[in-house]
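Number of protein chains: 2
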Amino acid sequence: MGEPRPERADARRNRLKVLEAAERLFAEHGVKNVSVDAIALEAGVGKGTVFRRFGDRAGLAVALLDEREVELQGKLLSGPPPLGPGAPAIDRVTAFLTAYTELLDRHVELFADSENASDGARYRIGSYRLWHRHIAILVEEARPDLDADYTAHVILAPLAADLHQALREEGFDLPRMQAGLVAAVTALLTA
Amino acid sequence: MGEPRPERADARRNRLKVLEAAERLFAEHGVKNVSVDAIALEAGVGKGTVFRRFGDRAGLAVALLDEREVELQGKLLSGPPPLGPGAPAIDRVTAFLTAYTELLDRHVELFADSENASDGARYRIGSYRLWHRHIAILVEEARPDLDADYTAHVILAPLAADLHQALREEGFDLPRMQAGLVAAVTALLTA
DNA sequence: GACCATAACGGACCACGGTCCGTTTCTCAA
DNA sequence: TTGAGAAACGGACCGTGGTCCGTTATGGTC
Numbered sequence: 324m325g326e327p328r329p330e331r332a333d334a335r336r337n338r339l340k341v342l343e344a345a346e347r348l349f350a351e352h353g354v355k356n357v358s359v360d361a362i363a364l365e366a367g368v369g370k371g372t373v374f375r376r377f378g379d380r381a382g383l384a385v386a387l388l389d390e391r392e393v394e395l396q397g398k399l400l401s402g403p404p405p406l407g408p409g410a411p412a413i414d415r416v417t418a419f420l421t422a423y424t425e426l427l428d429r430h431v432e433l434f435a436d437s438e439n440a441s442d443g444a445r446y447r448i449g450s451y452r453l454w455h456r457h458i459a460i461l462v463e464e465a466r467p468d469l470d471a472d473y474t475a476h477v478i479l480a481p482l483a484a485d486l487h488q489a490l491r492e493e494g495f496d497l498p499r500m501q502a503g504l505v506a507a508v509t510a511l512l513t514a
Numbered sequence: 324m325g326e327p328r329p330e331r332a333d334a335r336r337n338r339l340k341v342l343e344a345a346e347r348l349f350a351e352h353g354v355k356n357v358s359v360d361a362i363a364l365e366a367g368v369g370k371g372t373v374f375r376r377f378g379d380r381a382g383l384a385v386a387l388l389d390e391r392e393v394e395l396q397g398k399l400l401s402g403p404p405p406l407g408p409g410a411p412a413i414d415r416v417t418a419f420l421t422a423y424t425e426l427l428d429r430h431v432e433l434f435a436d437s438e439n440a441s442d443g444a445r446y447r448i449g450s451y452r453l454w455h456r457h458i459a460i461l462v463e464e465a466r467p468d469l470d471a472d473y474t475a476h477v478i479l480a481p482l483a484a485d486l487h488q489a490l491r492e493e494g495f496d497l498p499r500m501q502a503g504l505v506a507a508v509t510a511l512l513t514a
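Residue numbers (the numbering used here), protein chains in the order written: chain A, 324 to 514; chain B, 324 to 514.
#1: How is the alpha helix (DSSP H) around residue 446 (chain B) delimited, first residue to last?
#2: Hey, does residue 517 (chain A) have any beta-carbon neighbour from chain B nearer than 8 angstroms?
#3: Let's see if you can read the secondary structure: which residues bound the alpha helix (DSSP H) around residue 377 (chain B)?
#4: If we ignore side chains and look at the alpha-carbon of each, how far apart do residue 374 (chain B) and residue 339 (chain A) end up?
#5: Do the CB positions of residue 503 (chain A) and residue 474 (chain B) come within less than 8 angstroms of each other?
#6: Output yes if chain A places a C-beta closer than 8 angstroms to the C-beta of residue 343 (chain B); else output no.
#7: By the DSSP assignment, the alpha helix (DSSP H) with residue 382 (chain B) in it spans what residues?
#8: Using a Cβ-Cβ cut-off of less than 7 angstroms, give me the residues of the segment 470–489 of chain B that come near chain A, in sequence order.
#9: Any idea what DSSP makes of residue 498 (chain A), helix, strand or coil?
#10: Could you give the first and the last residue of the continuous alpha helix (DSSP H) run that contains residue 470 (chain B)?
#11: Going along chain B in order, which residues have a C-beta closer than 8 angstroms to the C-beta of residue 492 (chain A)?
#12: Count Cβ pairs between the segment 494–510 of chain A and the segment 405–421 of chain A that sit closer than 8 angstroms; are there 3 or more?
#13: For residue 518 (chain A), go through chain B and note every residue whose CB falls closer than 8 angstroms to its CB, in chain order.
#14: Do we get a CB-CB distance below 8 angstroms when we pair residue 400 (chain B) with the residues of chain A?
#15: Along the chain, where does the alpha helix (DSSP H) containing residue 346 (chain B) start, and where does it finish?
#16: With distances taken between CB atoms, is the gap from residue 465 (chain B) to residue 512 (chain B) smaller than 8 angstroms?
#17: In this structure, how does DSSP classify residue 356 (chain B) when only helix, strand and coil are distinguished?
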């Protein structure tokens with residue numbers, strides 16, 4: 324890990340152009356109907372630039388989600404309870420699941436794209452790691468007899484974007500899923 | 324639903340050739356290092372034939388998994404307890420999860436491929452449907468106060484192949500995951 | 001056996017994600 | 001200001017999944 328050199332001016336310029344172009348095209352045509360070529364074109368940038376910057380298509384989606392996720396992360400780490408510290412574990416988990424599903428529901432397509440990293444990149448990126456650690460700590464608090472690390476993955480699994488999307492299409496609405504999830508996880512964490 | 328016309332002789336011949344070729348190549352080079360072109364070539368068949376028959380890459384994986392899954396399905400529906408009918412719901416769910424994770428662990432790559440149907444095809448195919456219905460019935464039996472339909476999806480979510488794969492790579496072994504899953508689901512289904 | 005409707009075949013073709021590498025732009029220090 | 005080294009650019013290029021449609025095999029009928 325060397326020092327992270329400041330971002331070069333042209334790099335920053337292009338990064339913003341790409342993000343902006345992607346947001347525009349995604350909003351207009353739907354995430355999955357927009358190719359990376361199209362984004363590069365709209366941004367007035369070479370395709371190689373997009374990949375250099377974001378790694379792959381999923382990375383671009385991650386970048387677009389980032390600011391919304393960061394907001395939630397901030398609330399978890401230092402916001403008011405029950406999302407932030409200071410409430411019982413079950414309440415905090417419930418608050419997290421509710422907030423996350425809200426976010427997920429509003430940006431399913433983007434999440435779906437961001438989770439599609441053929442290899443398991445999804446489980447290695449920062450935000451998943453953070454959600455996982457957060458939940459694991461709360462599991463440990465509520466049910467020290469369980470395998471907190473693994474159980475946290477179990478709790479996060481139903482938040483997969485493709486499942487959410489499929490269930491929406493099957494007629495489930497958000498409140499029903501939130502209620503179901505909270506009920507399940509509450510049962511799980513109540514000794 | 325019209326009558327399903329018997330399979331034509333050449334079609335059957337080619338179907339078997341493709342399945343056989345795929346199995347061979349997958350075993351030798353790893354599922355994700357084998358292209359559909361390569362399979363068609365090895366099978367001595369046009370690429371179009373493969374797609375006509377199996378729809379897409381995921382469909383081919385599904386076909387390869389089919390016989391193993393059918394075996395488990397049979398045991399669920401009419402085998403001896405606790406997998407089959409006649410045991411308490413929790414025991415049946417436990418037995419199912421144990422058996423399924425066994426299967427999943429043995430064929431992760433294939434499962435991963437089969438679940439990669441960019442759109443949510445995964446949740447629409449027969450086997451998922453069947454697992455879901457099975458679990459939903461047992462949830463209903465054990466915890467009639469829960470939303471059985473949705474809860475069944477929650478219980479199946481941790482069985483996603485990409486998660487399983489990622490956790491294996493992170494050092495979790497099968498018994499640990501089985502134990503964790505059974506513990507979680509037991510807690511969930513115990514009122 | 002000849003004929004026909006129909007289903008299956010197969011490979012050229014396309015779009016897309018991702019890589020590569022010669023060219024351009026930036027930064028910073030002298 | 002300039003020059004050198006590093007970093008970023010960008011578009012030609014590649015492999016892959018998936019489609020299309022003219023050609024060929026199949027199996028029933030007379």
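The C-beta atom is built at its ideal place from N, Cα and C for all residues, glycine as well. Being a predicted model, the structure only gives us computed values, none of them experimental.
Per the coordinate set shown:
#1: By one-based count along the second sequence, residue 446 (chain B) stands at place 123. For residue 446 (chain B), no alpha helix (DSSP H) segment is defined, and its DSSP state is neither H nor E.
#2: Any answer about residue 517 (chain A) is impossible in this case: the structure gives chain A only from 324 up to 514.
#3: To locate residue 377 (chain B), count along the second sequence from 1; it is residue 54. Where residue 377 (chain B) is concerned, the enclosing alpha helix (DSSP H) stretches over 370–377.
#4: Taking the first residue of the second sequence as 1, we reach residue 374 (chain B) at position 51. Taking the first residue of the first sequence as 1, we reach residue 339 (chain A) at position 16. Cα to Cα, the separation comes out at about 40 angstroms.
#5: Position 180 of the first sequence, counted from the first residue, corresponds to residue 503 (chain A). Position 151 of the second sequence, counted from the first residue, corresponds to residue 474 (chain B). Against a cut-off of 8 angstroms, the Cβ pair of residue 474 (chain B) and residue 503 (chain A) comes out as a contact.
#6: Start at 1 with the first residue of the second sequence, and residue 343 (chain B) comes out as number 20. Closer than 8 angstroms: no.
#7: Within the second sequence, the letter at position 59 stands for residue 382 (chain B). 380–401 is the extent of the alpha helix (DSSP H) around residue 382 (chain B).
#8: Residues of the segment 470–489 of chain B that bring their beta carbon within less than 7 angstroms of a beta carbon in chain A comprise 470, 473, 474, 476, 477, 480, 481, 483, 485, 486, 488 and 489, in sequence order.
#9: For the purposes of this step, residue 498 (chain A) is identified with residue 175 of the first sequence, where counting begins at 1. The answer is helix: DSSP assigns residue 498 (chain A) an H, G or I state.
#10: On the second sequence, position 147 is the one that residue 470 (chain B) refers to. In the DSSP assignment, residue 470 (chain B) falls outside any alpha helix (DSSP H) and carries neither an H nor an E.
#11: Locating residue 492 (chain A) in the first sequence gives position 169, counting from the first residue. Within 8 angstroms Cβ-Cβ: 443.
#12: Yes, the segment 494–510 of chain A is in contact with the segment 405–421 of chain A.
#13: Outside the shown range of chain A (324 to 514) lies residue 518 (chain A), about which nothing can therefore be said.
#14: Position 77 of the second sequence holds residue 400 (chain B). By the rule that beta-carbons nearer than 8 angstroms mark a contact, residue 400 (chain B) does not touch chain A.
#15: Indexing the second sequence from 1 puts residue 346 (chain B) at position 23. Residues 332–352.
#16: Position 142 of the second sequence holds residue 465 (chain B). Position 189 of the second sequence holds residue 512 (chain B). A contact, by the Cβ cut-off of 8 angstroms.
#17: Residue 356 (chain B) sits at position 33 when you count from the first residue of the second sequence. Look at residue 356 (chain B) here: in three-state DSSP terms it is helix.
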